[in-house]
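Contents: one structure, followed by commentary.
In this note's numbering, the protein residues as written are 107 to 389.
Structure (structure tokens):
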């Protein structure tokens, strides 16, 4: 009887050991303790303040950090948020001031078209000038990853200022919450990583587009595969790094934004052992 009890206890202990080991390996990474707020804008202005005239429409949703344990780092990353969303000239302003100033400048620039609009309209009452002067701009930023002292966000921007079509871009930022600095490719990869990583990107893009040879990408709207290189526009998460290539960067407008996700397991030879993403890499 004692022998049977001993065997049962041994099995329970052994099972518990392996279960706890598995749980340790798969332990979820906790989110960073940081809080956010947002500002929303929806402004429309008609030329010469006449409702029948063409208008501009500006829509903004700006999310920014408001609370973090390290106040110095909080100040730094807030400046990064403002500068990346609105421009370097706004980074010393508060979020509210930056948004107000950006909106005012956008509207004043649009009002600067009023003389041209009046002139074009006087040339011919039948001329379809409305479409030439109907502008819009939409932008928002979203938090995509907030763990392991890394904070990632993506800025989605779309605008139209006349012409054949509008423009669409994705700008991505990875911040190190220990230093308050932007994480760059040089922080993550070993020296001389560019050529090897470029080959991985091209290979993944070819697979995503179901072509066997990367040179075939040119037949579906991409430029030369030899011109595709890491561009610094990336996000990170627990699985890997996602690169974004915007319109006209590596392909024609019709192709749109190209997203390429590379897994840490595939990039392992190129990664620094002590990089900001090292805690995300599982053996």
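Backbone N, C-alpha and C define an ideal beta-carbon position, used for all residues, glycine too.
- For residue 262, the enclosing beta strand (DSSP E) covers residues 256–266.
- Between the region 246–265 and the region 273–289 there are three or more inter-stretch CB-CB distances shorter than 8 Å, so the stretches are counted as touching.
- With a 10 Å radius around the Cβ and a threshold of 16 neighbouring Cβ atoms, residue 155 comes out exposed.
- It is roughly 10 Å from the alpha-carbon of residue 219 to the alpha-carbon of residue 213.
- Taking 9 Å as the cut-off, the Cβ atoms of residue 310 and residue 368 count as close.
- Excluding sequence positions up to five before and after residue 345, its CB lies within less than 8 Å of the CB of 367, 369 and 370, all in the same chain and listed in chain order.
- Bounds of the alpha helix (DSSP H) holding residue 184 are 177–192.
- The beta carbon of residue 329 is closer than 7 Å to those of 356 and 357 in its chain, skipping five residues each way along the sequence.
- DSSP places residue 201 inside the alpha helix (DSSP H), whose first and last residues are 201–217.
- Burial check for residue 323: the Cβ neighbour count within 10 Å reaches 16 or more, so the residue is buried.
- Beta-bridge partners of residue 155 (DSSP): none assigned.
- For residue 368, the enclosing beta strand (DSSP E) covers residues 364–369.
- Secondary structure of residue 387 (DSSP, three-state): coil.
- By the beta-carbon neighbour count (other beta carbons within 10 angstroms, threshold 16), residue 172 is exposed.
- Following the DSSP letters along the chain, one finds residue 287 in no alpha helix (DSSP H), marked with neither H nor E.
- Between residue 140 and the set 332, 169 and 206, the nearest pair of CA atoms involves 169.
- For residue 245, the uninterrupted beta strand (DSSP E) run begins and ends at 241–253, by DSSP.
- Residue 301 and residue 236 have their C-alpha atoms roughly 48 Å apart.
- Taking the Cα of residue 349 as reference, the smallest distance to any Cα among 204, 215, 291 and 326 is reached at 291.
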